[in-house]
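The structure appears right after this line, and notes come after that.
Protein chains: 4
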Amino acid sequence: MRDVQSERDSRRIPIDLVGIKDLSYPIVVLDREQKEQHTVANVSMAVSLPEHYRGTHMSRFIEVLEEFQGKVTLSQMEHITEHLRQTLRADRAEITFQFPYFIRRHAPVTKIPSYSRYDVIFWAQKDSSFDLITTVIVPVQTLCPCSREISEFGAHNQRARIEVAARMKNFVWIEELVEIAERCGSAPLHSLLKREDEKYVTEQAYQNAKFVEDVLRDTALELEAESRISWYRVRVVSSESIHNHDAFAELERHVSG
Amino acid sequence: MRDVQSERDSRRIPIDLVGIKDLSYPIVVLDREQKEQHTVANVSMAVSLPEHYRGTHMSRFIEVLEEFQGKVTLSQMEHITEHLRQTLRADRAEITFQFPYFIRRHAPVTKIPSYSRYDVIFWAQKDSSFDLITTVIVPVQTLCPCSREISEFGAHNQRARIEVAARMKNFVWIEELVEIAERCGSAPLHSLLKREDEKYVTEQAYQNAKFVEDVLRDTALELEAESRISWYRVRVVSSESIHNHDAFAELERHVSG
Amino acid sequence: MRDVQSERDSRRIPIDLVGIKDLSYPIVVLDREQKEQHTVANVSMAVSLPEHYRGTHMSRFIEVLEEFQGKVTLSQMEHITEHLRQTLRADRAEITFQFPYFIRRHAPVTKIPSYSRYDVIFWAQKDSSFDLITTVIVPVQTLCPCSREISEFGAHNQRARIEVAARMKNFVWIEELVEIAERCGSAPLHSLLKREDEKYVTEQAYQNAKFVEDVLRDTALELEAESRISWYRVRVVSSESIHNHDAFAELERHVSG
Amino acid sequence: MRDVQSERDSRRIPIDLVGIKDLSYPIVVLDREQKEQHTVANVSMAVSLPEHYRGTHMSRFIEVLEEFQGKVTLSQMEHITEHLRQTLRADRAEITFQFPYFIRRHAPVTKIPSYSRYDVIFWAQKDSSFDLITTVIVPVQTLCPCSREISEFGAHNQRARIEVAARMKNFVWIEELVEIAERCGSAPLHSLLKREDEKYVTEQAYQNAKFVEDVLRDTALELEAESRISWYRVRVVSSESIHNHDAFAELERHVSG
Chain A
188 MRDVQSERDS RRIPIDLVGI KDLSYPIVVL DREQKEQHTV ANVSMAVSLP
238 EHYRGTHMSR FIEVLEEFQG KVTLSQMEHI TEHLRQTLRA DRAEITFQFP
288 YFIRRHAPVT KIPSYSRYDV IFWAQKDSSF DLITTVIVPV QTLCPCSREI
338 SEFGAHNQRA RIEVAARMKN FVWIEELVEI AERCGSAPLH SLLKREDEKY
388 VTEQAYQNAK FVEDVLRDTA LELEAESRIS WYRVRVVSSE SIHNHDAFAE
438 LERHVSG
Chain B
188 MRDVQSERDS RRIPIDLVGI KDLSYPIVVL DREQKEQHTV ANVSMAVSLP
238 EHYRGTHMSR FIEVLEEFQG KVTLSQMEHI TEHLRQTLRA DRAEITFQFP
288 YFIRRHAPVT KIPSYSRYDV IFWAQKDSSF DLITTVIVPV QTLCPCSREI
338 SEFGAHNQRA RIEVAARMKN FVWIEELVEI AERCGSAPLH SLLKREDEKY
388 VTEQAYQNAK FVEDVLRDTA LELEAESRIS WYRVRVVSSE SIHNHDAFAE
438 LERHVSG
Chain C
188 MRDVQSERDS RRIPIDLVGI KDLSYPIVVL DREQKEQHTV ANVSMAVSLP
238 EHYRGTHMSR FIEVLEEFQG KVTLSQMEHI TEHLRQTLRA DRAEITFQFP
288 YFIRRHAPVT KIPSYSRYDV IFWAQKDSSF DLITTVIVPV QTLCPCSREI
338 SEFGAHNQRA RIEVAARMKN FVWIEELVEI AERCGSAPLH SLLKREDEKY
388 VTEQAYQNAK FVEDVLRDTA LELEAESRIS WYRVRVVSSE SIHNHDAFAE
438 LERHVSG
Chain D
188 MRDVQSERDS RRIPIDLVGI KDLSYPIVVL DREQKEQHTV ANVSMAVSLP
238 EHYRGTHMSR FIEVLEEFQG KVTLSQMEHI TEHLRQTLRA DRAEITFQFP
288 YFIRRHAPVT KIPSYSRYDV IFWAQKDSSF DLITTVIVPV QTLCPCSREI
338 SEFGAHNQRA RIEVAARMKN FVWIEELVEI AERCGSAPLH SLLKREDEKY
388 VTEQAYQNAK FVEDVLRDTA LELEAESRIS WYRVRVVSSE SIHNHDAFAE
438 LERHVSG
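What follows is the structure, given as structure tokens:
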């Protein structure tokens, strides 16, 4: 059977990345409390393609994924990406796993537990060197300092999300990145709050008024102080309750020292 | 050229609806202030198919749309739907246009104008009789009465949306349905608010605390009092700022009298 | 602490449904091969509210969910919905779980296994009686009979999805509903296909050309023949490869006998 | 009234970008045939913020947008972005307009006209210099050369999209970028095709089989030959009809000469 993909290409155009995306696949990731967590990933896998090949072999991407039986841990990401690179005989391979991740949270006063959902992205690239970025997307509440200052009573507040992307020098748990972000909003979110808890988080947010700029800078300060992180990018997006559009702020920094 | 669609089908299964959906098309609708408004619709068009035909003729749906040159008004909906029914020789035809609609709004204190976006749905069905439902989706702010009552200061608030669907006895402007909904949230949203305006809407929402249940009932009360409406369905969805999930409430009523 | 929700409401408007939606929660469902499958559900829970109560108690919805520790099986749906109804002291309770579900599939020729993703919805309602609808959403390929008939070579084909909703008299596995739908497209989809497999499914689809109307009727015929099903609704949506819009067809039937 | 945003910030963290996003606003753009086209944009506007300011002034973004009365042309993008930069007294300003754009297309044989929808993005940045990238997203059909080669009859084909981003040395119409992309798929899409047309495009695609890699390289070749373009990035995403995931390929190049 003819292998059309392997035929010689004469257009002299190397391809930066070719592969598959939006593949939904069950995976198992590490969980600090429970040891492991079953979840569902949106998977993207791609390689570079030299100018003389007409096409890549798409089925091998899934074969690589199958070999690892869905075990996706930060420490294995280099191994998986290198294996993809070798299987496809490519100079460069790139893999992204994006998945929901659940952490057990306790309401602030009643201590009743429930699950909070976060979104996590593992992105890795392997050529002569290896690069790995871990991103957590954490929903929080923001309460506007200007609205509080100028109003007789009340202050507009809303759901916002903090996206923290980090390159690590040493292992950091997903849970630790989530905790950093949750400390930096006006208040964290919970799935289950009884009345005493609702009073607590309402007052917590009011006393802790923050612009998206404040949330961004406070998150950055925490990440600057974290010696296991070598680079970070933070993005805060706030679904303003007085507008039908969002406010956002972002920055990217190499950690000094 | 063989007409496969018109061939006889022996499976003895009539089809409720067959047609096209998610067609994006430019349309022109009536605007109370500007006379007309150019917008972009998501279009769905379908007909019933008797058991003895194998298929419908999909290209004719677009031909019907083209004949009306994108002029989509409530008063023309019966004509368009009937024309579709006849063109496809069907017992029943159904058309949906969903589109963004912009209204010029003035900030409450500074009176500076800006556009507010709403979403509108025209749904029509024609068989032996004609049925037409107009839906507007209006973003508002809701502020929680429980949170305000139990907290020393502040109250959680958030963006919400009110969906009003109505069958009319007499013509009602999109703008009128939008105004009904905007009156029934804790405060309306604006694209542009200066500090004086922000103070105003913050205090307005605080003094006007409402659960989704309250917004729903207040909207229903307004619709009950509107003699041009014969049936309505209201749905309120609030993106709770203390949770990562939404609260919602809905009801459907024939207007008495 | 004042219970604002329980206060008397004088607007005389009973509410059809009030509750929470778009809550993301980890659940465990039954799996025919593996006994159980961990997945992530989008959850909606709601109750009716009599006219004299101002509001429902939203936190109790999550408490009910927590009590069942995420174990969501068809046979337990009545118990969960009834428990919600009683906890909220409502006349009627309604719950929806929507979740991705993975089934191990083998390529048609090489027999190499990989996961296929389906989407499943459990919807239940409890008042004086109990109602339960199970929906599976199954991606397939459709190949156009008209295009094949009139063209010298080739035929346009594309990804489509078949949505099968069913009320059951006796237990039917998710896997069985998926198999019915997969048999009724022009060809099933697979995550992993080697060249021999790709040849197989290409020819299978070509020999098995079907309009959305054909897929709909063939699925309906299979469901008519299934004695464990008392009612079904089928919807087929095909992302036409020659258009930038979709074709669709749908029907709903009580099973005779 | 206190101006909280203008207060001094002592955290010593400059912010890369702060502003608004997901604002929906009506705009008017240039149309090669019709002179102008009314459409609806998703707008993002942001500026850099020095370390000593606590916050930016979000309402001024909308004021800038209002001043231009929604007239958004490529030649005015520098003026708008510079005006935003000056109004916010920022070192850098960035604006994105993303909008649907319709072009009248004629069916290949019957020549019947209908609208085709494309998506367009204008992105501009102004600091000491000015940068502008125009992106068009063009839906096409791709037909797999491997599937055609190895199968007795037929070949899998599907809807795909080509994203062309370009920096220009001299003005290029949106329509020209769209035409380049449409020439490079296996066949273009149309909203309205009669049987003769359907035969034509089915055979056109079959005779013009292309991997995503082929579409990518052919588009790149066309862009290389275009002297008005100084840089481009192309991305092709194909919704494979035999899989439930997509194939993609991408590359980015400065045009030599």
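Protein chains in written order, with the numbering used here: chain A, 188 to 444; chain B, 188 to 444; chain C, 188 to 444; chain D, 188 to 444.
Just so it is clear, CB atoms sit at the ideal spot from N, CA and C, and this is done for glycine as well.
Inset, instruction - Closer than 7 angstroms by C-beta to I361(B): which residues in its own chain qualify, once you throw out the five before and the five after it? Chain order, please. - result: What you label residue 361(B) is simply residue 174 of the second sequence in a count that begins at 1. Cβ within range, chain order: Y288, V307, V323.
Legend entry - Three-state secondary structure (DSSP) of I267(A): Looking up residue 267(A) in the first sequence gives position 80. Reduced to three states, the DSSP call for I267(A) is helix.
Legend entry - Alpha carbon of F435(B) to alpha carbon of I299(B), nearest angstrom: As a working mapping, residue 435(B) is identified with position 248 in the second sequence. As a working mapping, residue 299(B) is identified with position 112 in the second sequence. In a straight line, the C-alpha of F435(B) is about 32 angstroms away from that of I299(B).
Inset, instruction - Could you tell me whether any Cβ in chain D is nearer than 8 angstroms to the Cβ of I249(B)? - result: Residue mapping note: residue 249(B) aligns to position 62 of the second sequence, counting from 1. In terms of beta-carbon proximity, I249(B) lines the interface with chain D, with at least one pair separated by less than 8 angstroms.
Legend entry - Within 8 angstroms, strictly: CB atoms of T329(C) and A347(C): Counting from one through the third sequence, the residue named residue 329(C) turns up at place 142. Counting from one through the third sequence, the residue named residue 347(C) turns up at place 160. In contact: T329(C) and A347(C) (Cβ atoms closer than 8 angstroms).
Legend entry - Continuous beta strand (DSSP E) stretch holding R208(A): start and end: For the purposes of this step, residue 208(A) is taken as residue 21 along the first sequence, with counting starting at 1. One point to set straight first is that residue 208(A) is Lys, not Arg, in the sequence displayed. Unbroken beta strand (DSSP E) run through K208(A): 202-218.
Inset, instruction - Would you verify that the beta carbon of G242(B) is, or is not, closer than 8 angstroms to some beta carbon of chain C? - result: Here residue 242(B) corresponds to residue number 55 of the second sequence, with the count starting at 1. Answer yes: the Cβ-Cβ gap between G242(B) and chain C drops below 8 angstroms somewhere.
Inset, instruction - May I ask you to report which of helix, strand or coil DSSP gives E362(A)? - result: Position 175 of the first sequence, counting from 1, holds the residue named residue 362(A). Correct three-state label for E362(A): helix.
Legend entry - Touching by the beta-carbon criterion (3+ pairs, under 8 angstroms), the region 223-236 of chain A and the region 206-214 of chain A: yes
Legend entry - Three-state secondary structure assigned by DSSP to A434(D): Position 247 of the fourth sequence, counting from 1, holds the residue named residue 434(D). DSSP places A434(D) in strand when its eight states are reduced to three.
Legend entry - Nearest candidate by alpha-carbon position, reference F374(B), set R195(B), A396(B), R422(B), V351(B): Locating residue 374(B) in the second sequence gives position 187, counting from the first residue. In the sequence as presented, Phe is not what sits at residue 374(B); that position holds Ala. Among R195(B), A396(B), R422(B), V351(B), the Cα nearest to that of A374(B) is on A396(B).
Inset, instruction - In angstroms with no decimal places, state the Cα-to-Cα distance between E281(B) and F317(B). - result: One-based indexing of the second sequence puts residue 281(B) at position 94. One-based indexing of the second sequence puts residue 317(B) at position 130. Near 10 angstroms, if we compare the C-alpha coordinates of F317(B) and E281(B).
Inset, instruction - Using alpha carbons as the reference points, say which of P326(C), A392(C), P201(C), S378(C) lies closest to I367(C). - result: Residue numbering aside, residue 367(C) sits at position 180 when the third sequence is read from its first letter. The shortest C-alpha separation from I367(C) is found at P326(C).
Legend entry - Paired residues, beta bridge with A233(B) - DSSP: Position 46 of the second sequence, counting from 1, holds the residue named residue 233(B). According to DSSP, which records beta bridges pairwise, A233(B) is partnered with G206(B), E281(B).
Legend entry - Reduced DSSP category for S425(C) - H, G, I as helix; E, B as strand; rest coil: Residue 425(C) sits at position 238 when you count from the first residue of the third sequence. If DSSP states are grouped into helix, strand and coil, S425(C) belongs with the strands.
Legend entry - Per DSSP, cross-strand counterpart(s) of Y240(B): Position 53 of the second sequence, counting from 1, holds the residue named residue 240(B). Answer by DSSP bridge pairing, in chain order: R195(B).
Inset, instruction - Under 6 angstroms Cβ to Cβ from Q312(C), same chain only, skipping five residues before and after it: list those, please. - result: Here residue 312(C) refers to the residue found at position 125 of the third sequence. Only residues of its own chain outside the window of five on either side were considered, and among them E281, D318 have a CB closer than 6 angstroms to the CB of Q312(C), listed in chain order.
Legend entry - C-alpha distance - N431(D) paired with A233(A), whole-angstrom precision: Against the fourth sequence, residue 431(D) aligns to sequence position 244. Against the first sequence, residue 233(A) aligns to sequence position 46. Computed Cα separation, rounded: 17 angstroms.
Legend entry - Proximity test, Cβ basis, 8 angstroms: C142(B) and chain C: Given a span of 188 to 444 for chain B in the structure shown, any question on residue 142(B) remains unanswerable.
Inset, instruction - Name the residue from V424(B), R422(B), D405(B) whose alpha carbon lies nearest to the alpha carbon of I200(C). - result: Here residue 200(C) refers to the residue found at position 13 when the third sequence is read from its first residue. Comparing Cα-Cα distances from I200(C) to each of V424(B), R422(B), D405(B), the minimum goes to D405(B).
Inset, instruction - Throw me the rounded Cβ distance for the S246(A) and L379(C) pair, which I believe falls under 8 angstroms. - result: Taking the first sequence and counting its residues from 1, the one referred to as residue 246(A) is at position 59. Taking the third sequence and counting its residues from 1, the one referred to as residue 379(C) is at position 192. Contact holds; Cβ gap of about 6 angstroms.
Legend entry - Contact check, E385(A) vs I429(B), beta carbons under 8 angstroms: In the first sequence, counting from the first residue as 1, residue 385(A) sits at position 198. In the second sequence, counting from the first residue as 1, residue 429(B) sits at position 242. Judged by beta-carbon spacing, I429(B) lies within the 8 angstroms limit of E385(A), meaning their Cβ atoms are closer than that value.
Legend entry - Nearest neighbour of Q391(D), chosen from E253(C), T243(C), F309(C), E339(C) [CA to CA]: As a first step, residue 391(D) must be located in the fourth sequence, where it is residue number 204. For Q391(D), the nearest C-alpha among the options comes from E339(C).
Legend entry - C-beta contact flag for R188(C) and I337(B) at 8 angstroms: Here residue 188(C) is taken as the residue at index 1 of the third sequence, counted from 1. Here residue 337(B) is taken as the residue at index 150 of the second sequence, counted from 1. In the sequence under discussion, the amino acid at residue 188(C) is Met, which differs from the Arg named in the question. Cβ atoms of M188(C) and I337(B): closer than 8 angstroms.
Inset, instruction - With V325(B) as the anchor, note down where its beta strand (DSSP E) starts and where it stops. - result: For the purposes of this step, residue 325(B) is taken as residue 138 along the second sequence, with counting starting at 1. Note, V325(B): beta strand (DSSP E), 317-330.
Inset, instruction - Using alpha carbons as the reference points, say which of I249(D), V423(D), Q256(D), H239(D) lies closest to A352(D). - result: Your numbering for residue 352(D) matches position 165 in the fourth sequence. The shortest Cα separation from A352(D) among I249(D), V423(D), Q256(D), H239(D) belongs to V423(D).
Inset, instruction - Give the DSSP-derived three-state secondary structure of V259(D) in the structure shown. - result: For this step, residue 259(D) is matched to residue 72 along the fourth sequence. Reduced to three states, the DSSP call for V259(D) is coil.
Inset, instruction - List the endpoints of the continuous alpha helix (DSSP H) containing F309(D). - result: To locate residue 309(D), count along the fourth sequence from 1; it is residue 122. From DSSP, F309(D) is part of no alpha helix (DSSP H) but of the beta strand (DSSP E) over 300-313.
Inset, instruction - Return the chain-ordered list of same chain residues with a C-beta closer than 6 angstroms to the C-beta of H441(B), the five sequence neighbours on each side being excluded. - result: Looking up residue 441(B) in the second sequence gives position 254. Excluding sequence neighbours, H441(B) sits near W418.
Legend entry - Beta-carbon proximity of Q345(C) to Q394(D), cut-off 8 angstroms: Position 158 of the third sequence holds residue 345(C). Position 207 of the fourth sequence holds residue 394(D). Their beta carbons are not under 8 angstroms apart, which means Q345(C) does not touch Q394(D) by this criterion.
Inset, instruction - Please classify T274(C): does DSSP put it in a helix, a strand, or coil? - result: Against the third sequence, residue 274(C) aligns to sequence position 87. Three-state DSSP puts T274(C) in a helix.
Inset, instruction - Any chance you could list the alpha helix (DSSP H) runs of at least 4 consecutive residues sitting entirely within the region 383-427 of chain D, in chain order? - result: 399-411
Inset, instruction - Kindly list the residues whose CB is nearer than 8 angstroms to the CB of D438(B), restricted to its own chain and excluding five residues on each side of it in sequence; keep chain order. - result: Taking the second sequence and counting its residues from 1, the one referred to as residue 438(B) is at position 251. At residue 438(B) the sequence reads Leu, which differs from the Asp that was named. Only L403, A407, R420, V421 meet the Cβ criterion.
Legend entry - Which listed residue (Q273(B), L364(B), I214(B), E254(B)) has its alpha carbon closest to that of T321(B): Sequence index remark: in the second sequence, residue 321(B) carries index 134 (1-based). Of Q273(B), L364(B), I214(B), E254(B), the residue nearest in Cα terms is L364(B).
Legend entry - Closer than 8 angstroms to chain A by CB, T226(B): Indexing the second sequence from 1 puts residue 226(B) at position 39. No, no contact with chain A.
Inset, instruction - Would you identify the three-state DSSP class for R370(C), choosing helix, strand or coil? - result: Position 183 of the third sequence holds residue 370(C). DSSP places R370(C) in helix when its eight states are reduced to three.
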